[in-house]
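Residue numbers for the sequence shown follow our numbering, beginning at -7 and rising by one.
Here is the structure we will look at.
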Amino acid sequence: MSQSPFRRFLVRLRRRYSRPTLFIAAMVILAMYICFLLFFGDGDAVSLWRLAELNTCPACYGTSVCPELYSNLIQLDPKNRKWFNAKNVFYGSTRFNSSFVLKKLAHHSEFKEFDRALCGQFNLQSPCTSKLLNVGVEEKILKSVEYNVESPPSEPRKGLIMCPNADSIFNFIAPVFSMNGNHQAELMNIYTMLSLNPEPIILKVLRKSKGWLVPGYAGVCGRLEVVTYEGKPLSDMIHVQWYRKLYYSLQILQAGIDFTLKHKRYRFYLMDWSLDNIVVDHRDIITFVDLEDVIVLDKNVSPKVGKLDWTKRHSHEDTPGFSFSIQNICKYHFSDHNLWAACYIIAGDDNPLLTPIPKRVMQSTPKLQKLLNNCLHQNDRLHSAISLTRLMYDLLKTEKVGGYGVNRTTTLRNW
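Structure representation (structure tokens):
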């Protein structure tokens, strides 16, 4: 019987390295080389398979984009195939030069802890993956949301917070369900996302195609989310011309107002406002790319407790630094949190995007600094934010702006 190529290779090694120590050394080198190929080599299908971890389903995000991944319609960029990626964010593209971001949405340690506790959460013996479709998931979904709302401020929260009532989550997740009728698996997917990172749920509700400044949502496959690539972080654009930063600031303010007012049923209060989490493309259009930590407030219901406060407006407390109270935001039907946060990253005290304002602008338009201060420190932030967007829009129409005039801006909102 003929020997396999690998067997013949081992025989040649033994003949060449007769001394045991040399043979062992050669085997170690060979093993290291094979490991290198497995973890860092080519082969998009293998890389994507390992990234997706489909073996964890239904304790995964879903399978909507798996056919596109495994037919090589989306391929990993050669420079981003390392598995030991601290952020668990990878980049890919199609043969038509469309760029995508592939996100694990959690760190390895978070996945490990989630998997360790998963079976116990449902009173199942490990391993329990095959049994998860036969358990009641709705109660666990509700409890996970209730924990985020009701736990004291000192306790860690994870992901989406639903208020004023946790049971609004079931209306909120309705767009996530597909038409294939396999709702039990999808409920388990939702439980997994709520436990690890709810961003795919948010992106199913806030669609880029509807004008929201969020990435285009391509879908999920296993424990991998696929979204459109939208550009470089704003934190890398601090050096650009001031009027370009003014254009970014206008969009940030508009987004803050939109997240608060635009949706018919919900307000979306972002908890992680940062220039690192906002990117800008070649057209200078911004996108919010980190939607893990969000407070979703249902405007169409009244709270089961604390109804007297519900009819009032919440104004952010004028405190130093980027700090806020989740409980206070959830107590009222309206909060100016997004407006304050937008103004904070534009003109606050932590590497703001827009300041210092050029002297010529300070002299010609002193109202700009006044409105920024009002947005940061006064109570009527909605009025200040709307006035700011109009003033910024007018500034961008002036001849001084050059190529960054209103022809490049979005339409000014009428709130």
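Every residue gets a Cβ at the ideal spot worked out from N, C-alpha and C, and that includes glycine.
- The residues TYR83, GLY84, SER85, in chain order, have a CB closer than 7 Å to that of ASP69 in the same chain once the five nearest residues on each side in sequence are set aside.
- Residue pairing of ARG259 in beta bridges, as defined by DSSP: LEU289.
- ARG236 and VAL272 have their C-alpha atoms some 11 Å from each other.
- Linking CYS111 to SER118 through their CA atoms gives a straight-line distance of about 6 Å.
- In terms of Cα proximity to TRP41, the closest of ARG215, ILE153, PRO190, PHE169 is ARG215.
- Secondary structure note for TYR62: its alpha helix (DSSP H) is the uninterrupted segment 58 to 62.
- Under the three-state reduction of DSSP, ARG352 is assigned to helix.
- Look at PHE92 here: in three-state DSSP terms it is strand.
- Counting of Cβ neighbours within 10 angstroms places THR381 among the buried residues, the total reaching 16 or more.
- Linking LEU345 to LEU43 through their CA atoms gives a straight-line distance of about 35 Å.
- Per DSSP, the beta bridge partners of GLY211 are VAL218.
- Judged by DSSP secondary structure, SER227 falls outside any alpha helix (DSSP H); it is assigned neither H nor E.
- Per DSSP, SER85 lies in no alpha helix (DSSP H) segment; the continuous beta strand (DSSP E) that holds it begins and ends at 81 to 85.
- Boundaries cannot be given for THR48, as no alpha helix (DSSP H) includes it and DSSP labels it neither H nor E.
- Taking ALA177 as the centre and dropping the five residues before and after it, the same chain places the C-beta of PRO50, LEU125 closer than 7 Å to its C-beta, in chain order.
- Put simply, the backbone Cα of ILE182 is about 11 Å away from that of ALA166.
- Assignment of ARG275 by DSSP, reduced to helix, strand and coil, places it in the coil class.
- With a cutoff of 7 Å on beta-carbon distance, HIS329 and TYR261 are scored as near each other.
- Note that the C-beta distance between LEU283 and LEU226 is not below 7 Å.
- Fewer than three Cβ pairs drawn from the region 304 to 317 and the region 347 to 356 lie within less than 8 Å of each other, which leaves the two stretches out of contact.
- The C-alpha of LYS202 is placed about 24 Å away from the C-alpha of ILE66.
- Here ILE153 is buried, its C-beta having at least 16 other C-beta atoms within 10 Å.
- Using a Cβ distance threshold of 7 Å, ALA158 and GLU138 count as a contacting pair.
- Separation of ALA247 and THR357 (C-alpha to C-alpha, rounded to the nearest whole angstrom) is 23 Å.
- In the DSSP annotation of this structure, the continuous segment of the alpha helix (DSSP H) that includes ILE193 starts and ends at 191 to 197.
- Counting of Cβ neighbours within 10 angstroms places PRO59 among the exposed residues, the total staying below 16.
- Excluding sequence positions up to five before and after PHE114, its CB lies within less than 6 Å of the CB of VAL127, all in the same chain and listed in chain order.
- The distance from the Cβ of ILE244 to that of ILE270 is about 7 Å, consistent with a contact at the 8 Å cut-off.
- In the DSSP annotation of this structure, ILE249 is not part of any beta strand (DSSP E); the continuous alpha helix (DSSP H) holding it starts and ends at 234 to 253.
- When secondary structure is reduced to three states using DSSP, LEU68 falls in the strand class.
- The region 112 to 173 is shown to contain whole alpha helix (DSSP H) runs of 4 or more residues at 130 to 142, 161 to 164, in chain order.
- By alpha-carbon distance to CYS367, the top candidate from LYS123, ASP310, ASN80 is ASP310.
- Taking a contact as a CB-CB distance under 8 Å, the pair ILE278 and LEU205 counts as one, their CB atoms being some 6 Å apart.
- The C-alpha of GLU102 is placed about 24 Å away from the C-alpha of PRO207.
- For the set SER63, ASN47, THR55, the Cα lying nearest the Cα of CYS120 is the one of ASN47.
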